[in-house]
Structures are given as structure tokens and as C-alpha cells.
Amino acid sequence: MTSHDDHRPDEEPREAPDREPHQAPDQGPKAELNPEPNPEPDVRPNAEPDGTPQPEQQTEGQTEEREEEHAAEQQDEEDGWQGLSTLSVWANTALVTLFMVPSAVVATLALFFTDAPNLWALLPVPAALAFIGLMTYIDLVRLRAVRYRVTAERMEMRSGVIAKAFRSIPRERVRSVDVAAPVYVRVFGLCSVTVGTGESAGAGGTDQLQLLFVTAEQGESLRRELLRRAAPATGSAEGSESTGDEAADEEETELIRLNPRWFAYAPATMTTFGIGLGVIAALIGINAQSGGHGWRWISEQTDMPSSQEMSSFVMGQLLVVVPIALLSLMLSGVVILVLIAVETWWDYRLVREADGTVRLRRGLLTSVSLSVEGRRLNGVVLHEPFVLRSVRGASIRAVATGLSAGDAQKTEAKSRLSPAMPRARARELGAALMREPDSALDAPLAEHPRAALRRRFTRAAVCSMVALALAGGLAWLQQVATQAWWDGLQVAEEQFMPFPLAGPTIQATPGWGWFAVAAVFAVVTFWYAIGSYRGLGHGLHPKYLVVRKGMAVRDTVTLERSAVIGWRITRSPFQRRVGLASVSATTASGEGMYTAGDVGLGQGLAWADEAVPELLAPFLVREEGGSGPAEPKPSVLP
């Protein structure tokens with residue numbers, strides 16, 4: 000650019016400026032048509048070469064900035080970059096409005112009927128509207144900042160307004176594509192797409208891309224394209240794309256569909272009573288916040304008996320009160336768990352697509368579609384918690400790469416491939432997922448040495464002795480407690496407990512009652528030890544290795560032998576003393592390590608060596624003339 004001094008008329012004309020970028024390089028012939036130069040050229044900034052003045056225009060910097068922005072947008076479209084759906088702004092605005100406007104109306108009414116000035120009563124509604132406008136503006140800015148594209152080799156995403164971010168994932172690293180549609184975006188035909196690689200990207204995070212929100216058609220197209228190797232890049236014709244989707248739907252193989260009778264298995268879990276206890280804990284918190292006034296007010300209004308009278312009744316009718324209390328806890332838990340199961344597993348369907356991808360669809364309020372690439376599914380887990388196992392139920396979980404999430408709870412939720420169902424049906428589903436004529440879940444399992452049972456008996460005995468000592472201490476403390484102690488305990492309990500009955504009930508408990516509780520605990524611990532030993536097992540299938548363990552939660556894991564990348568043998572001092580070891584198969588799938596615990600050392604090494612030949616061989620010492628592994632060298636294995 001030239002300065003203002005360059006255009007003063009009293010100065011000699013300077014050299015002609017450089018040609019514009021769009022001007023042809025050769026202007027010789029045009030110069031010959033007008034050989035006589037204009038002695039006084041019009042140098043006004045808005046004048047054309049012929050001297051005709053033009054209307055006022057934007058400055059050169061603004062014009063260049065707008066041209067660059069327009070060119071960048073055109074370049075993005077040409078390069079295949081796409082944006083989020085504009086309907087996502089309306090969806091978020093509707094959600095914020097749904098919560099903010101009723102709250103503002105309630106606040107207005109509350110202020111209007113109090114002693115506060117009427118001017119303050121008019122503030123909540125405008126403030127809520129201003130907040131909604133601010134959130135809408137932020138969504139509009141975010142909508143313009145987020146761009147994504149899928150090429151033949153990578154998926155890329157640009158985001159950020161102040162701090163720009165660019166993320167790129169190679170398509171061969173894509174392990175799962177999760178498509179979810181909460182109810183408030185489903186009415187707009189939108190969904191969220193989460194593309195995961197199953198690799199950790201930092202503390203508590205995963206290497207994944209998430210799009211909030213795109214249309215349902217875009218989400219389905221992304222899911223198919225990212226899980227299909229050597230697929231064409233995004234931007235294919237709509238006709239051919241829809242034709243491919245219809246062909247893929249026709250080639251789907253349905254593995255299982257929801258049976259509404261399976262909802263009866265939902266309450267078969269230990270959390271059934273825990274939910275009822277959670278309700279009691281909430282009541283305790285409310286009563287504590289009120290300083291015990293809630294219990295006293297209820298007692299006065301209902302004319303309830305005193306705490307001493309109620310505790311005496313409880314101890315006198317113990318065989319009646321305890322079952323009724325447990326039944327109440329169970330019923331409250333049953334209702335809540337069934338509702339959760341209906342919302343989670345409604346319209347459940349598991350299919351295998353033509354390319355081997357396993358796809359799960361479920362959800363009532365939040366529709367979820369999870370796809371796992373077939374070659375990433377390295378096995379299944381037959382999950383049998385104790386209560387569910389007692390009613391002959393089970394569920395199936397995946398052993399696959401790419402299902403890891405921010406924490407263990409989210410990872411476990413993503414790996415669930417079925418709701419609780421009859422055990423026989425779950426085993427059939429596991430066999431169908433492994434695509435083997437002989438299911439690995441039916442493979443015979445080897446028993447573990449009796450030393451493993453003795454170890455569990457030792458633990459049970461130690462726990463029983465501790466319980467017995469604790470019972471003796473509580474019985475002695477009850478004998479030496481004075482009336483002042485009981486009165487102080489009752490006063491403190493009235494401030495925190497919604498039903499202050501624990502103190503009087505403990506005071507009325509006989510001394511031998513503590514020892515009876517300890518005896519019941521000892522019986523339960525020894526019973527648990529026997530069940531834990533019976534749950535141990537390991538075996539081999541022509542294609543899978545099998546590991547079973549657990550009493551409270553029994554899991555039977557099948558893992559492809561080709562997916563094992565290493566072995567880990569650990570021996571604690573107590574295990575070495577009785578000749579046991581824990582043999583763990585390490586893998587990139589699922590939890591990363593699956594252990595056959597308390598197995599005989601030679602038995603476990605032979606199992607590992609047979610499962611993956613030559614992987615453990617360099618660390619073993621074999622007998623002369625035999626193929627079976629002998630005791631390992633002390634310098635190699637512990």
C-alpha cells in the first residue's frame with residue numbers, strides 16, 4: 000500500500016504500482032493502444048481508471064479479511080469438511096428453556112408473595128431469558144467453530160473458539176463408534192457420535208472424538224464408514240450411499256432380541272437392598288439437616304410411641320419385624336431396578352453386519368447404538384453375580400479392544416452386550432458371538448489344588464476370630480456403659496436418625512446376642528470360602544483359553560489364544576509355601592489381564608505353554624526326554 004504523501008499532485012508521478020494478482024502478466028498490446036500517458040491521473044482511492052467516481056467501499060483490510068474467510072469456507076467445502084447440525088442449537092436452547100423458564104416463574108411468584116419489593120419479582124424472568132440468549136449465542140459460536148471430515152485414511156476434527164484444537168485419528172485405529180440420541184435431541188432427529196480408539200490419552204481420559212450433534216442420517220453414515228475398512232471418503236452421492244445402507248440392512252444377522260420377561264431378572268442383584276438403604280440414608284440426611292425436628296414433628300402429629308417402647312416391641316417381635324423391614328427394602332429396590340432396566344434395555348437388539356461388525360441397539364429415553372468391529376471382539380464374559388446365579392440367570396459382556404472409557408464404570412457399561420437373561424440363553428449368545436461350532440463356555444475346566452481351598456479356609460478362620468473378638472468387646476462395652484452414655488447416644492441419634500431406634504435397641508440387646516451375630520458371620524465366611532474355591536477353574540478350547548473365578552460375582556472369561564501377548568506369573572510368600580501361583584494372560588482387549596488364581600505351579604505353566612506355544616518356552620526348564628514343563632529356574636521365575 001502507498002501512503003497519503005504518495006498521491007500529492009505537486010510531486011512527480013511515481014512508478015506504476017505492481018499488477019494485481021488477477022491481472023494478466025502481459026499487458027504490452029494494451030499499452031500500445033494508448034501510447035500517450037495522462038499527465039494528471041486521477042489518484043482518488045474510489046475512482047476507476049477512466050476517472051469516474053464510485054460509491055464508498057470497505058477498506059482494503061476488511062475486504063481482504065472477508066475474502067479470505069469466504070475462500071476458507073469454500074476451501075473447507077471442497078476438502079470435505081462438514082459442520083454440526085444447525086438444529087443442535089435449537090435442541091440445546093429448548094433444553095435450557097425447559098429448566099430455566101419454570102424456575103424463573105416459580106422464583107417470581109415466591110418473590111411476589113414475600114415482603115421483598117415488587118421490583119425484584121420482575122427480575123427472574125428477564126434474567127432467565129438473558130441467560131438463554133447467552134447460551135444460544137455460545138452454541139452458535141461453537142457450531143461455527145467445530146468442523147470434521149473423514150478421508151480415506153483419517154478422521155479429523157477442528158474445534159475451539161479461543162483455544163483452537165485439531166485432532167486426527169487414523170482410521171485403522173478406530174475400534175468402536177457409539178451413536179447416542181437423548182430424548183431432547185431425538186425429537187429434532189439428532190444424535191451424538193463418539194469415535195473411540197480404546198487408547199488412553201491421559202489421566203482418566205481416552206483418545207476419542209465426539210460430535211454433538213449431527214443428524215441421525217449423518218451419524219449412521221459415519222458409523223458405517225468408519226467401521227468399514229478401505230471405504231470411500233465422505234461426500235459420496237446420496238443415492239449410492241442409501242443403496243449401500245439398504246444392502247447392509249438386508250445382510251444383517253440378528254443374534255438376539257429383547258424378551259420382556261427378562262425384566263424379571265433385573266432385581267436379582269445385591270443392590271436391591273442397597274437402594275432401600277440409600278432411601279434410608281437420604282432420610283437420615285434430611286433429619287440431620289433439620290436438627291432432629293423432623294422426627295419430633297412426625298412423632299407429635301402421629302402420636303407415635305416413645306423410642307423405648309418401640310425398641311422393646313422390636314426386640315419382642317424380632318422374627319416379625321426383621322422380615323417386614325427386609326421386605327420393604329426389597330420392594331423399593333425392585334421397583335427402581337425394574338424401571339432402570341426398562342429405560343436401559345428397551346428395544347434391545349444385537350445384530351452382526353455383513354462385514355462382521357457387532358452392533359447393539361437399546362434405550363427408551365436415550366437411544367444408544369454401539370458398534371464393535373468384528374476382528375476386535377476377542378472373546379466374551381459370562382457374568383453371573385451371586386443373586387442372579389441363584390435364579391439361573393446371567394449376562395454377556397465383550398472382551399474387545401476399543402471399549403475402554405474414562406473410568407472402570409463407563410468401560411464396564413460399554414462392554415455389556417446383553418441384559419440379565421436365562422443362563423442357557425446367555426450361553427447360546429456367547430457361542431454365537433464367538434462363531435464356533437463348539438462353544439468355549441462348554442469347555443471342561445481343570446480343578447485347582449486343595450491347597451487353594453485351605454488358603455480360603457485360613458482367611459475365613461482369621462475373619463471369624465476377628466468377629467468373635469469384636470463381639471466380646473461390644474458385649475463388655477454394653478455391660479460397662481452407664482445410663483448417662485445411653486442418654487447421650489439417644490440425644491445424638493434423634494438429631495441424625497429419622498427413626499431413632501438403634502440406641503434403645505442396642506441397650507435392650509442381651510450380651511449373648513453379639514456372639515450369635517459373630518457365629519452367623521463365621522458360618523457365612525466358611526460358606527463363602529467353599530463357594531469361592533468351587534468357582535476356580537481354567538481350561539483350553541482349540542481357539543480360546545477359558546478362566547473362571549469369583550463367588551459374589553462369578554465370571555467365566557473366554558479369550559482368543561491369538562490375542563494373548565504375554566504371561567505374568569506371580570507368587571506371594573504364602574503361595575510359594577504351598578506350591579501355588581497366579582498365572583495371568585496379558586492382552587490388549589478387555590481388562591488387559593485375566594488371571595487363573597491359586598493354580599498349581601506346574602499345572603499353571605503347562606496350561607500357559609499349551610495355550611500359546613513358544614511364548615513362555617524360553618523361561619521354562621523341561622524334564623529330560625519330556626515335553627511337559629518342570630519347576631522353573633529360581634533366577635527366572637519367583
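Going letter by letter, the sequence shown gives residues 0 to 637 in numbering that gives the first Met the number 0.
Beta carbons: idealized from backbone N, C-alpha and C, even for Gly.
>> Let's test the definition: count the other Cβ atoms within 10 Å of the Cβ of MET592 and tell me whether it reaches 16, buried, or not, exposed.
In response: exposed
> For the 8 Å Cβ check, are there 3 or more pairs between the region 509-524 and the region 464-473?
Replying inline: yes
> Going along the chain, which residues of its own chain have a beta-carbon closer than 7 Å to the beta-carbon of LEU122, five neighbours each way excluded?
Replying inline: none
> Since VAL522 is in the alpha helix (DSSP H), which residue starts that stretch and which ends it?
Replying inline: 511-533
> Taking DSSP as the reference, what is the three-state secondary structure of MET329?
Replying inline: helix
> Is it true that the CB of VAL145 sits closer than 8 Å to the CB of GLY218?
Replying inline: no
>> Using 8 Å for Cβ pairs, my map puts PRO266 next to LEU336. What's the rounded Cβ distance?
In response: 5 Å
>> Let's test the definition: count the other Cβ atoms within 10 Å of the Cβ of THR196 and tell me whether it reaches 16, buried, or not, exposed.
In response: buried
> Hey, quick one: how far does the alpha helix (DSSP H) through TYR347 stretch, first residue to last?
Replying inline: That residue, TYR347, is in no alpha helix (DSSP H); it is neither H nor E in DSSP.
>> On the CB-based measure, 16 or more other CB atoms within 10 Å of its CB, does TRP261 come out buried or exposed?
In response: buried
> Can you give the beta carbon distance from LEU226 to VAL192, rounded, assuming they're within the 8 Å contact cut?
Replying inline: Not a contact, Cβ separation roughly 12 Å.
>> With a threshold of 6 Å on Cβ separation, who are the neighbours of SER531 within its own chain once the five nearest residues in sequence on each side are excluded?
In response: ARG455 and MET550
>> Out of SER327, LEU208, VAL149 and GLY332, which one is the CA nearest neighbour of THR268?
In response: GLY332
> Using a Cβ-Cβ cut-off of 6 Å (strictly less than) and excluding sequence neighbours within five positions of ILE274, which residues of its own chain qualify?
Replying inline: GLY332 and ILE335
> What span of residues does the beta strand (DSSP E) with MET101 cover, start to end?
Replying inline: Sequence check: residue 101 is Pro here, not Met. No beta strand (DSSP E) contains PRO101, which is instead part of the alpha helix (DSSP H) from 86-111.
> Rounded C-beta distance between GLY578 and ALA450? I'm assuming under 8 Å.
Replying inline: 7 Å
> If you draw a straight line from the C-alpha of ILE255 to the C-alpha of ARG348, how long is it?
Replying inline: 6 Å
>> Tell me which residues share the same chain as GLN478 and place their Cβ nearer than 7 Å to its Cβ, disregarding the 5 neighbours each side in the sequence.
In response: GLY510
> By a C-beta neighbour count over all protein chains shown, 10 Å radius and 16 as the cutoff for buried, is ALA202 buried or exposed?
Replying inline: In this prediction, ALA202 scores a pLDDT of 41, lower than 50, which makes its location untrustworthy; no coordinate-derived value is stated.
> What are the uninterrupted segments assigned as beta strand (DSSP E) that are 3 or more residues long and contained completely in the region 357-432, given in chain order?
Replying inline: 357-361, 366-371, 376-384 and 392-399
> If you scan the region 532-597 from start to end, which runs of the beta strand (DSSP E) of 3 or more residues do you find wholly inside it?
Replying inline: 536-539, 543-548, 552-559, 563-569 and 579-586
>> Less than 8 Å between the C-beta atoms of ARG415 and ARG396, yes or no?
In response: yes
> Since VAL598 and VAL620 are thought to touch, with beta carbons under 8 Å apart, how far apart are those beta carbons, to the nearest angstrom?
Replying inline: The Cβ separation is near 18 Å, so there is no contact.
> THR557 and ALA439: beta carbons closer than 8 Å?
Replying inline: yes
>> DSSP three-state label for MET269, please.
In response: coil
>> Is the separation between the beta-carbon of ARG174 and that of GLU446 shorter than 8 Å?
In response: no
>> In this structure, how does DSSP classify PRO169 when only helix, strand and coil are distinguished?
In response: strand
> Measuring CA to CA, which of PHE385, LEU325, PHE520 and ASN258 is closest to ARG361?
Replying inline: ASN258
> Can you name the start and end residues of the alpha helix (DSSP H) that VAL182 belongs to?
Replying inline: 182-185
> Helix, strand or coil: which one does DSSP assign to GLU55?
Replying inline: For GLU55, the predicted model reports a pLDDT of 46, less than 50, meaning its position is unreliable and no value from the coordinates is stated.
> Are the beta-carbon atoms of VAL88 and ALA127 separated by less than 8 Å?
Replying inline: no
> Is VAL350 near THR271, with beta carbons less than 8 Å apart?
Replying inline: no
> Cα separation between ASN377 and ALA431?
Replying inline: 13 Å
> Do the CB positions of LEU189 and THR214 come within less than 8 Å of each other?
Replying inline: yes
>> Can you look up GLY159 in the DSSP assignment and give me helix, strand or coil?
In response: coil
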